[in-house]
Structures are given as C-alpha cells and as structure tokens.
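Asker:
Here is the structure:
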C-alpha cells in the first residue's frame, strides 16, 4: 500500500519525538531496495540493532520532496540505488537502539487479516539459520546453517566468519550427525537414490563459488565440486533448492546480482546433480525482494511450484517484516 505525504511526515516526526533527537541526529534515506539500504547502513544484523521506521511513498518524486523537507531541518539525507518504480523512505539514527522485547500483537482491523497463521521461534542447540528438512534411508534429518557468532558468547555480528558452517541433525533425538564443511554457508540438502547432495556457498578466499558435496552415510563426504564460480562478476550465492521433473534436475540458486533488488532467483539444469548448465532467461525477482526459495515439481500437475518470502512493512511497528 502506498502512503501519503502527511502520513510519512507524521511518522518520521513521531520517530524523532520518541527518541527526543535533534534533526541533525537523524538520517533520512530514499531507496529502491530497502533491505539493501538498511543493510548497507548496518541497521540490520548489527550488534546495536538501531531503531528505524520505513514507509512506501507514491513515487520517487514524493520521496525526494519529503527528504528535502527534513534536510532543511538539518537531517542527513541519502538517496540509495533505485530499481524502476520501487521506492521506500526510511528514517534512523545511530543514537537509538531497538527493543529486544517481542513485538506486540497486531491490532484488530475489520478489513485486514494477518497473513501469519503460525508464528513461532525455532530454537535448538545449533541456533540454526536457514535449514532443510530431508529424509535419508527412511530416517528424518535436517540440515542447519550456523553463523559462528551465534555460538560464541558476546561475539560481534560477523565475527569469526571463517567458522560459519552447516550441520546435519537427526530429527528423532536431535543428535548431531556431522559438520560437513566449515567456511561454507547457505547450504541445502537433496536426496537422490540413497545419496545426499549438499549445495553450499564457499565463502573462503574472497571467492564466490557454489559447490556440491555427496555422501552415502551423512558422515563421510566426497571432496567439494564447483557448480558455478561467479567471482569475476562479483555476484554471491545464497539459498538453493533442487527438484526433479522426470527428465532433468533443476536447481534454483539465489544471488545478490546488483542489477536487481536483492535477492534474485536464477535456475540451472543437470543430468547428474554434479554438472550444471544455467538456463538462459530463467530468472525470478527482477522487480522485488525474494528470498528463501523452495522449488518443487508436482508430477500430477505437470507444474513447478516456487515458494518464497515476500517483504512487507509491519503495519504498526513500521519495520521490515516477511511473509
């Protein structure tokens, strides 16, 4: 939903009053990709977790006009990269911190229904990030990605990133089965003919490589094989998903291609899960945020199904949220 000048201006002024800040203490940003913008300004995934507010104006002209009003009051104004007509306006200050308390329940609204049916926090000994549930030889497991700073008390966000890794756990008793690779992240698992294939981003040595490893027992793994190397084009891999359509394997891989709002889904095909060909023109998310994609082929329908996150603004907290 696009928002009026008065609503946005009132919200930013309320933010200033809430924190009792002088206007020179506040930064106002217009951005075509709000997730990239807030990340670049270290508002997301940071130790301090600064508070901020986000709005969606009608267009870039209105956003810049609003920003100019606050610039005249002394606020810092930044115009981040734009993508077509997608535009946001946000305000933040490095003198704020965000509450660690749970957000309040959404207010009742007769003409609006919360899209989140089951809201819960996943919590395990691994503090997992992205994970993949899978069945291997009749037993249920899950692959969990782990950022090292989560398992090191008081560590700064991003600390000891070379120790980022993924783990295999057995569902029935939460037993840790193996840690296949260190210095890898955004891993996913796919089982075919009693072999487990794990795809992950090699984050070492400043390179951008998508790799695959294979195991017959989830404990011993073959050496990593490179699927794609995007180092030369400065594009980094994120989440992956694999499906089989009866004729070929299809790989969804997520990247931070700078030509599009982050993130972007691209696709590849393979005959053996080891050697892959990118499918020309196959891309999703060229005009909006997408993330955490999962691809399935349903034989009975003859169709691919893609599930993905969507980014939206929390209607009362004015923060980036996902559904």
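Residue numbers (this note's numbering): 7 to 329. Quick reminder that beta carbons are idealized off the backbone N, C-alpha and C, glycines included.
#1: How would you label residue 226, buried or exposed, when you count the other beta carbons within 10 angstroms and need 16 or more for buried?
#2: Can you give the beta carbon distance from residue 15 to residue 82, rounded, assuming they're within the 8 angstroms contact cut?
#3: So, under 8 angstroms CB-CB, residue 56 and residue 97 are touching, yes? Tell me the CB distance rounded to an integer number of Å.
#4: In whole angstroms, what separates the C-alpha of residue 187 from that of residue 245?
#5: Going along the chain, which residues of its own chain have a beta-carbon closer than 6 angstroms to the beta-carbon of residue 288, five neighbours each way excluded?
#6: So, does the region 196–209 touch the region 175–182, judging by three or more C-beta pairs under 8 angstroms?
#7: Does the structure place the region 161–170 close enough to the region 216–223 that three or more beta carbon pairs sit under 8 angstroms?
#8: Do you know offhand how far residue 153's Cα is from residue 296's?
#9: Is it the case that the Cβ atoms of residue 91 and residue 117 are separated by a distance below 8 angstroms?
#10: How about residue 77 and residue 36: do their beta carbons lie closer than 8 angstroms?
#11: Taking residue 321 as the reference, which of 61, 12 and 33 has the closest Cα?
#12: Buried or exposed: where does residue 10 fall if 16 or more other Cβ atoms within 10 Å of its Cβ makes it buried?
#13: Measuring straight from C-alpha to C-alpha, what distance separates residue 216 and residue 264?
Answerer: Based on what the coordinates show:
#1: Here residue 226 corresponds to residue number 220 of the chain shown, with the count starting at 1. With fewer than 16 Cβ atoms within 10 Å of its Cβ, residue 226 is classed as exposed.
#2: For this step, residue 15 is matched to residue 9 along the chain shown. For this step, residue 82 is matched to residue 76 along the chain shown. Residue 15 to residue 82, Cβ: 17 angstroms. No contact.
#3: The residue given as residue 56 occupies position 50 in the chain shown. The residue given as residue 97 occupies position 91 in the chain shown. The Cβ separation is near 11 angstroms, so there is no contact.
#4: In the chain shown, counting from the first residue as 1, residue 187 sits at position 181. In the chain shown, counting from the first residue as 1, residue 245 sits at position 239. Each residue's Cα considered, the two are about 16 angstroms apart.
#5: Taking the chain shown and counting its residues from 1, the one referred to as residue 288 is at position 282. Excluding positions up to five away in sequence, the list reads 273.
#6: With the cut-off at 8 angstroms, the region 196–209 and the region 175–182 do not touch.
#7: Flag = no, the region 216–223 and the region 161–170 do not touch.
#8: Translated into positions along the chain shown, residue 153 becomes position 147. Translated into positions along the chain shown, residue 296 becomes position 290. Straight-line Cα distance between these residues: approximately 21 angstroms.
#9: In the chain shown, counting from the first residue as 1, residue 91 sits at position 85. In the chain shown, counting from the first residue as 1, residue 117 sits at position 111. Result no, Cβ atoms of residue 91 and residue 117 do not sit closer than 8 angstroms.
#10: Working through the chain shown from its first residue, we reach residue 77 at position 71. Working through the chain shown from its first residue, we reach residue 36 at position 30. Contact annotation: residue 77 and residue 36 have beta-carbon atoms that are not nearer than 8 angstroms.
#11: The residue given as residue 321 occupies position 315 in the chain shown. The residue with the shortest Cα to Cα distance from residue 321 is 61.
#12: On the chain shown, residue 10 is found 4 positions in, with the first residue counted as 1. Residue 10 is exposed by the Cβ-count criterion.
#13: Reading the chain shown from its first residue, position 210 is the one you call residue 216. Reading the chain shown from its first residue, position 258 is the one you call residue 264. The straight-line gap from Cα to Cα measures roughly 18 angstroms.
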